[in-house]
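Numbering (the working numbering), first residue to last: 289 to 490. Please read the structure below before turning to the comments.
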Ligand code: AMP
C-alpha cells in the first residue's frame, strides 16, 4: 500500500527508550474520554497512557487518519480501540433492533490469535457502554459468527479471508462503516492481503 493514497495520514513512531521521561507523564483524564471508558480503564488499573497511546489517541479523536509504529507490547491495541469507542459513543444505544447497531468500525488483523486478543481488549474497554463488538476469523463454523453479525455490532474485528466470506454470503453489511483499522499492517501485507484491500475498503 502506498502512503500517498492517504495524503492526510499522520505518521507516528514511538521509541519507548527515547521518549522524554522527565516531562510530567500524561494521564488518561487529559483526553476527555467518556465516563464509561474511564471506568473500564480504572477496572484495568490504567492511569497513564503509553507513548503510542499518548500520541495516537488525540489524533484519532480529531478524526484524522494515522499510521503508528511501536514495538510489540507497548499498548497499540488501546491506542486505536479507546478513541474508536469514544467516537462511537455518539451512536451508542440500547435498542434491541439490529438495524440500530450497524458495523461502524472494522478492525482487520492478520491472524485469528491477534483477532481474538484485540476483541478481548475491545470488549474490556467497552464493557460499560452499550456498544457491541464481535470477532470473525477462519477455520471455524460461520454459523455462530453469522448469528452475532445479524444481531448487530458496532465494532467488528476480523481476519481478511473470513471477512470476505461473510461479505460474499451477504451475512455482513459494511455500508455504514466509518472507521477502518489495519492492525499489524506490515504482517498483513506480508501475508498477501494487498489484492483484497480495495474490495474491503470499497
Ligand atoms: P498491546 O501492545 O496492545 O498488546 O498491549 C500490551 C499490554 O499492555 C497488554 O497487556 C495491555 O493490557 C497493557 N496495557 C495497554 N495499555 C496500558 C496502559 N496504558 N497502562 C498499563 N498497561 C497497559
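C-beta atoms are modelled at their ideal positions from N, C-alpha and C, and glycine is treated no differently.
Buried versus exposed, by CB contacts within 10 Å (16 or more), residue i
i           : result
residue 305 : Bear in mind that a pLDDT of 48 at residue 305, under 50, signals an unreliable position, so the model cannot answer this.
residue 490 : exposed
residue 422 : buried
residue 444 : buried
residue 365 : buried
residue 351 : exposed
residue 482 : exposed
residue 469 : buried
Residue i CB to nearest heavy atom of the ligand AMP below 6 Å
i           : result
residue 337 : yes
residue 411 : no
residue 362 : yes
residue 301 : no
residue 399 : no
residue 447 : no
residue 312 : no
residue 384 : no
residue 330 : no
residue 366 : yes
Residue range of the beta strand (DSSP E) that includes residue i
i           : result
residue 422 : 421 to 424
residue 357 : 354 to 357
Strand pairing of residue i, partner residues [DSSP]
i           : result
residue 393 : 443 and 467
residue 301 : 357
Sequence-distant residues of its chain with Cβ nearer than 7 Å to residue i (five each side left out)
i           : result
residue 367 : 340, 341, 344, 345 and 356
Cβ-based neighbour list, residue i, same chain, cut-off 6 Å, excluding 5 preceding and 5 following
i           : result
residue 403 : 397, 423, 425, 445 and 447
residue 420 : 389, 441 and 442
residue 326 : none
residue 488 : none
Boundaries of the alpha helix (DSSP H) in which residue i is found, first to last residue
i           : result
residue 401 : 400 to 413
residue 383 : Unbroken run through residue 383: none, as it is neither H nor E.
residue 368 : 364 to 376
residue 331 : 323 to 332
residue 348 : 339 to 349
residue 473 : 473 to 478
residue 454 : 448 to 456
residue 315 : First-last for residue 315: undefined, no H or E at that position.
residue 486 : 485 to 489
Chain-order list of residues whose beta-carbon lies under 8 Å from that of residue i (same chain, five-residue window excluded)
i           : result
residue 363 : 337, 338, 340 and 341
residue 474 : none
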